[in-house]
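S.K.: Residue numbers are given in the working numbering: position 112 of the sequence shown equals residue 119, and the series is strictly consecutive. For glycine and all other residues, C-beta sits at the position ideal for the given N, C-alpha and C. Here's a structure for you.
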Amino acid sequence: MTTKELIMLPGPVNVDHNVLLAMGTAMFNHRGPKFFRLYAEVKEKLRKLLNTKGEVYFITGSGTAGNEFAAANLVSPHEKVVVCSNGFFAERLCDTYKLIGAQVVEVRSEWGKGINLSELKKKLRGRVWWLLFSMKQAQEF
Numbered sequence: 008m009t010t011k012e013l014i015m016l017p018g019p020v021n022v023d024h025n026v027l028l029a030m031g032t033a034m035f036n037h038r039g040p041k042f043f044r045l046y047a048e049v050k051e052k053l054r055k056l057l058n059t060k061g062e063v064y065f066i067t068g069s070g071t072a073g074n075e076f077a078a079a080n081l082v083s084p085h086e087k088v089v090v091c092s093n094g095f096f097a098e099r100l101c102d103t104y105k106l107i108g109a110q111v112v113e114v115r116s117e118w119g120k121g122i123n124l125s126e127l128k129k130k131l132r133g134r135v136w137w138l139l140f141s142m143k144q145a146q147e148f
């Protein structure tokens, strides 16, 4: 057995040995009954995990694809968004909102450092017109 490097990023991540073994099994039709049963089972388990009775959706793409999907469905051109930006993914999220045409107000901090709460309060003070408050959390050790 070889020692694996521990990857502590938002992705890619280490994959459990049992998952790797399962990935080595034969594929099955993604339009057949076996897939639909599995899909429904996983979806129900995700609802329980998230403690929701609402609909859940799977995004077969990267985290960036998920962020872009969410941004495009939450924000329209000219709407206002506050983004706490202190790293690569938050900056990317700002860019995504700007591409959509949103009015983005960034609360910036040095990469890897916490957001200055007094600056955030100053940006929010007296404003009731914010549509969305957005921040991205990722850990790297």
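Just the Cα atoms here: how many angstroms apart are Gly39 and Glu75?
M.R.: Numbered from its first residue, the sequence shown carries residue 39 at position 32. Numbered from its first residue, the sequence shown carries residue 75 at position 68. Rounded to the nearest angstrom, the two C-alpha atoms are 30 Å apart.
S.K.: With a threshold of 8 Å, are at least 3 pairs of Cβ atoms found where one atom belongs to the segment 96-106 and the other to the segment 67-81?
M.R.: yes
S.K.: Is it buried or exposed, Asp23, if we count other Cβ atoms within 10 angstroms and call 16 or more buried?
M.R.: In the sequence shown, the residue the question calls residue 23 occupies position 16. So Asp23 counts as exposed.
S.K.: Return the CA-CA distance between Asn21 and Tyr104, expressed in angstroms with no decimal places.
M.R.: As a working mapping, residue 21 is identified with position 14 in the sequence shown. As a working mapping, residue 104 is identified with position 97 in the sequence shown. Each residue's Cα considered, the two are about 31 Å apart.
S.K.: At the level of alpha carbons, what is the spacing between Ser92 and Ile14?
M.R.: As a first step, residue 92 must be located in the sequence shown, where it is residue number 85. As a first step, residue 14 must be located in the sequence shown, where it is residue number 7. The alpha-carbon atoms of Ser92 and Ile14 are separated by roughly 23 Å.
S.K.: Take the Cβ of Phe148 as the centre, count every other Cβ of all protein chains shown within 10 Å, and call the residue buried at 16 or more, exposed below.
M.R.: Position 141 of the sequence shown holds residue 148. Because the pLDDT of Phe148 is 45, which lies under 50, any placement of that residue in the model is unreliable, and the question is left without a value.
S.K.: According to DSSP, is Val90 part of a helix, a strand, or is it coil?
M.R.: As a first step, residue 90 is located in the sequence shown; it is residue number 83 there, counting from the start. In the structure shown, Val90 falls within a strand segment according to DSSP collapsed to helix, strand and coil.
S.K.: Express the C-alpha separation of Val89 and Ala79 in angstroms, rounding to a whole number.
M.R.: To locate residue 79, count along the sequence shown from 1; it is residue 72. To locate residue 89, count along the sequence shown from 1; it is residue 82. So the alpha carbons of these two residues sit roughly 15 Å apart.
S.K.: The alpha helix (DSSP H) that contains Arg99, what's its start and end?
M.R.: Counted from its first residue, the sequence shown places residue 99 at position 92. 95-107 is the span of the alpha helix (DSSP H), which, as asked, contains Arg99.
S.K.: Rounded to the nearest angstrom, what separates Pro84 and Leu106 at their Cα positions?
M.R.: Here residue 84 is taken as the residue at index 77 of the sequence shown, counted from 1. Here residue 106 is taken as the residue at index 99 of the sequence shown, counted from 1. When rounded, the distance between both Cα atoms is 9 Å.
S.K.: Whole angstroms are fine: how far does the CA of Gly70 sit from the CA of Leu127?
M.R.: Within the sequence shown, numbered from 1, the residue matching residue 127 stands at position 120. Within the sequence shown, numbered from 1, the residue matching residue 70 stands at position 63. Spanning the two alpha carbons is a distance of roughly 25 Å.
S.K.: Among Gly121, Glu86, Ile122, which has the Cα closest to the Cα of Val111?
M.R.: On the sequence shown, residue 111 is found 104 positions in, with the first residue counted as 1. When only C-alpha atoms are compared, the closest one is Glu86.
S.K.: What alpha helix (DSSP H) runs, 4 residues minimum, are completely inside the segment 13-63?
M.R.: 24-30, 40-57
S.K.: Buried or exposed for Arg44, going by 16 or more other Cβ atoms inside 10 Å?
M.R.: Looking up residue 44 in the sequence shown gives position 37. Flag for Arg44 reads exposed.
S.K.: What span of residues does the alpha helix (DSSP H) with Glu117 cover, start to end?
M.R.: Your numbering for residue 117 matches position 110 in the sequence shown. Where Glu117 is concerned, there is no enclosing alpha helix (DSSP H), given that its DSSP letter is neither H nor E.
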